[in-house]
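Trainee: This is the structure, below, for whatever I ask next.
Residue numbers (the numbering used here), protein chains in the order written: chain Z, 21 to 311; chain R, 10 to 298.
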């Protein structure tokens, strides 16, 4: 099948490669030509614009940074909509605000283009190993058509609801992971300052009700002081900004997410933005003079 | 002097009246023409668009709700920029995002129109008594040209810095004030939950180091359970979105403001946005009261 893919960054590159390895013909466009280099070995064509990609592929995936980028690449000048025919399907796997996803979906639908919001969880490792969790919003019939492709990218793809519902699920995911990382970092800082070995605490807790993947995986990386991303904290900061703006609009009190969002602001402001969100441990240590 | 005024809401109405009473010619434009009536009766003139208004004014004041409103008034298809003469001045007294204020100032400067961001503090009462605190961002020379006009509106006029600096000061003002209202509400709740008369606690505190204008004014309304709006809570809620967006952009942690924002979200969720921010007390009472 001919498949378009736009957004060949940390996440997009391995995802597109997985589709190519599954035997699909890729049609690509990238702002920076260097992003196309890893595709020299697979069946892929480079194009001069997103519109041109859409002229060659009925299904186009996008994986970019934020809502304005998705709007630009779909509806902007030289965007997918310019080259799309009737029945084109855009599958946006970026993390953006639910309201933005609904808006883009409506504007595309007016031009006869189907849209799924399909953000993912699982990070770069999940993308490389085709083990992503995919949360989808949009029409069931469109979801069913794309499902076989989702299966090449992830281990689960769930239709959550209508347009925007995938982004709502992703926002929920980011609340849980953001607050979860903060909780583990706080517990470890607390243990250490109390003169107790955080590694022993982690080991004991893994057997109980406080078990979580975050305690297991992120916790281990905190103990190893391995702050390489993973998932860069500035991206988590962006995702929680989306959550907090939605909460503002909904008149919803989210105190724990709000506290975590402020810690992520502090990370961005003190040079930890390019490190993994688990560098929250370093932030907590600094703020209490525990470094 | 030939002045223009746009935004005749609860704040704008008395402010425009002060300028008129000081003997200036006043050009008006409003989305809802009925808001013009009281001022037209006092000699102001209405114009069909912001650009037409700007053609007839040396200094134009705006006092509206949101960043988008100011941007549309200044730069939109019928905006001030299309009518204002080179050398004229736009004084925006609305509370908007510093970034938007800077952007508008930049666009107006291309046409040699000067801009000041000059948000105010003090609420309707201060607008009526011409005792507003005015926080000004922009060129000092521009401020000096309009200072006599601002002096008819307020009693404290501070030049904070360049474009956007007035809005930064206003964001700081809102953060400190609403956080204080929340602290006041929590104190009132703690007193009541302890079986102690909140009003007596307040009276005792007013004489000590915790005494403040907020404790006096907002605390007083809490004690009297008067939730009628001085300033509607939804406006404070809006201000918090601006401030928290700036905090995000700057990577600046505001842990307490982040929590106060959540309390305001809860207040909005209850549908109390049209009441005064002293309704933060009621949010606490939902969980314990």
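A virtual CB, placed ideally from N, CA and C, is assigned to each residue, including glycine.
1. Which residue or residues does DSSP assign as beta-bridge partners of residue 54(R)?
2. Would you say residue 242(R) reaches chain Z, if we count a Cβ-Cβ gap shorter than 8 angstroms as a contact?
3. Buried or exposed: residue 244(Z), going by 16 or more other Cβ atoms within 10 Å of its Cβ?
4. Going by DSSP, which residues form a beta bridge with residue 130(R)?
5. So the candidates are 95(Z), 96(Z), 128(Z) and 117(Z); which of them puts its Cα closest to the Cα of residue 267(Z)?
6. From this set, 289(R), 25(R), 19(R) and 220(R), which residue's C-alpha is nearest residue 162(R)'s C-alpha?
7. Using a Cβ distance threshold of 8 angstroms, determine whether the stretch 76-84 of chain R contacts the stretch 112-124 of chain R, with at least three qualifying pairs required.
8. What three-state label does DSSP hand residue 186(Z) in the structure shown?
9. What are the start and end residues of the beta strand (DSSP E) that includes residue 110(Z)?
10. Rounded to the nearest angstrom, what separates residue 32(Z) and residue 196(R) at their Cα positions?
11. When the Cβ atoms of the stretch 282-296 of chain R are set against those of the stretch 232-246 of chain R, are three or more pairs found closer than 8 angstroms?
12. Please name the residue, chosen from 143(Z), 122(Z) and 233(Z), that lies closest to residue 186(Z) on a Cα-to-Cα basis.
13. Per DSSP, what are the beta-bridge partners of residue 176(Z) in this structure?
14. Going along the chain, which residues of its own chain have a beta-carbon closer than 6 angstroms to the beta-carbon of residue 159(R), five neighbours each way excluded?
15. If you measure between the beta carbons of residue 34(Z) and residue 166(Z), is that distance less than 8 angstroms?
16. Note down the Cα distance separating residue 212(R) from residue 278(R), rounded to an integer number of angstroms.
17. Cβ of residue 249(R) within 8 angstroms of Cβ of residue 273(R)?
18. On the CB-based measure, 16 or more other CB atoms within 10 Å of its CB, does residue 19(Z) come out buried or exposed?
19. So, with DSSP's three-state summary, where would you put residue 70(R)?
20. Residues in the stretch 278-290 of chain R with C-beta within 9 angstroms of chain Z's C-beta atoms, listed in sequence order?
21. Is it right to say residue 228(Z) is buried, meaning 16 or more other beta carbons lie within 10 angstroms of its own, or is it exposed?
22. With a threshold of 6 angstroms on Cβ separation, who are the neighbours of residue 257(Z) within its own chain once the five nearest residues in sequence on each side are excluded?
23. Check each residue of the stretch 203-226 of chain Z: if its Cβ is closer than 7 angstroms to any Cβ of chain R, include it; give the result in chain order.
24. Whole angstroms is fine: what's the gap from residue 200(R)'s alpha carbon to residue 27(R)'s?
25. In or out: residue 89(Z) buried (at least 16 other Cβ within 10 Å) or exposed?
26. Residues of chain Z with CB closer than 9 angstroms to the CB of residue 183(R), please, in chain order.
27. Grab the span of the beta strand (DSSP E) containing residue 48(Z) for me, first residue to last.
28. Between residue 31(R) and the rest of its own chain, which residues show a CB-CB distance below 6 angstroms, the 5 nearest in sequence each way excluded?
29. Tell me the DSSP bridge mates of residue 137(Z)?
30. Comparing alpha-carbon positions, which option in 261(Z), 290(Z), 96(Z) and 271(Z) lies nearest residue 278(Z)?
31. For the beta strand (DSSP E) that residue 101(R) lies in, which residues bound it at each end?
32. Any C-beta of chain R sitting closer than 8 angstroms to the C-beta of residue 274(Z)?
33. For chain R, check one thing: does any of its Cβ atoms lie closer than 8 angstroms to the Cβ of residue 285(Z)?
34. Anything in chain Z within Cβ reach of residue 274(R), meaning under 7 angstroms, just list it in chain order.
Mentor: The answer reads as follows:
1. Sequence index remark: in the second chain, residue 54(R) carries index 45 (1-based). Paired residue(s): 36(R).
2. The sequence position of residue 242(R) within the second chain is 233, counting from 1. False, the Cβ-Cβ gap to chain Z never drops below 8 angstroms.
3. Numbered from 1 along the first chain, position 224 holds the residue referred to as residue 244(Z). When all chains shown are included, residue 244(Z) counts as exposed.
4. Sequence index remark: in the second chain, residue 130(R) carries index 121 (1-based). DSSP lists 142(R) as partners of residue 130(R).
5. Within the first chain, numbered from 1, the residue matching residue 267(Z) stands at position 247. Nearest option by C-alpha distance: 117(Z).
6. Within the second chain, the letter at position 153 stands for residue 162(R). Ranking 289(R), 25(R), 19(R) and 220(R) by Cα distance to residue 162(R) puts 25(R) first.
7. yes
8. Translated into the one-based positions of the first chain, residue 186(Z) becomes position 166. Helix.
9. Mapped onto the first chain, residue 110(Z) falls at position 90. Counting along the chain, the beta strand (DSSP E) containing residue 110(Z) begins and ends at 109-112.
10. Numbered from its first residue, the first chain carries residue 32(Z) at position 12. Numbered from its first residue, the second chain carries residue 196(R) at position 187. Residue 32(Z) and residue 196(R): Cα-Cα distance of roughly 51 angstroms.
11. yes
12. Position 166 of the first chain, counting from 1, holds the residue named residue 186(Z). Measuring from the Cα of residue 186(Z), the nearest candidate turns out to be 122(Z).
13. The residue given as residue 176(Z) occupies position 156 in the first chain. In the DSSP output, where bridge partners are listed per residue, residue 176(Z) has 153(Z).
14. The sequence position of residue 159(R) within the second chain is 150, counting from 1. Once the five neighbours on either side are set aside, the close Cβ partners of residue 159(R) are 143 and 166.
15. For this step, residue 34(Z) is matched to residue 14 along the first chain. For this step, residue 166(Z) is matched to residue 146 along the first chain. Contact: no.
16. As a working mapping, residue 212(R) is identified with position 203 in the second chain. As a working mapping, residue 278(R) is identified with position 269 in the second chain. Each residue's alpha carbon lies about 32 angstroms from the other.
17. One-based indexing of the second chain puts residue 249(R) at position 240. One-based indexing of the second chain puts residue 273(R) at position 264. Contact flag set, yes.
18. Summary: the structure shown does not reach residue 19(Z), with chain Z confined to residues 21 through 311, and so no result is reported for it.
19. As a position in the second chain, residue 70(R) is number 61, starting the count at 1. Strand, per DSSP.
20. 278, 279, 280 and 282
21. In the first chain, the residue the question calls residue 228(Z) occupies position 208. By the neighbour-count rule (16 or more Cβ atoms within 10 Å), residue 228(Z) is not buried but exposed.
22. Here residue 257(Z) refers to the residue found at position 237 when the first chain is read from its first residue. Answer for residue 257(Z): 284 and 288, listed in chain order.
23. none
24. Here residue 200(R) is taken as the residue at index 191 of the second chain, counted from 1. Here residue 27(R) is taken as the residue at index 18 of the second chain, counted from 1. Going from the Cα of residue 200(R) to the Cα of residue 27(R) covers about 42 angstroms.
25. Within the first chain, residue 89(Z) is the residue found at index 69, counting from 1. With 16 or more other Cβ atoms within 10 Å, it is buried.
26. Residue numbering aside, residue 183(R) sits at position 174 when the second chain is read from its first letter. Under the 9 angstroms cutoff, chain Z gives no residues; its nearest Cβ is about 15 angstroms from residue 183(R).
27. For the purposes of this step, residue 48(Z) is taken as the residue at position 28 of the first chain. Residue 48(Z) -> beta strand (DSSP E) spans 45-49.
28. Your numbering for residue 31(R) matches position 22 in the second chain. Within the same chain, residue 31(R) has close Cβ partners 161.
29. Position 117 of the first chain, counted from the start, is the residue given in the question as residue 137(Z). Its beta-bridge partners are 112(Z) and 157(Z).
30. The count along the first chain starts at 1 and reaches residue 278(Z) at position 258. The option with the nearest alpha carbon to residue 278(Z) is 261(Z).
31. On the second chain, residue 101(R) is found 92 positions in, with the first residue counted as 1. Counting along the chain, the beta strand (DSSP E) containing residue 101(R) begins and ends at 98-101.
32. Against the first chain, residue 274(Z) aligns to sequence position 254. With 8 angstroms as the cut-off, residue 274(Z) counts as an interface residue toward chain R.
33. Residue numbering aside, residue 285(Z) sits at position 265 when the first chain is read from its first letter. It does; some Cβ of chain R falls within 8 angstroms.
34. Counting from 1 along the second chain, the entry for residue 274(R) is found at position 265. Under the 7 angstroms cutoff, chain Z gives 267, 268, 271, 272 and 273.
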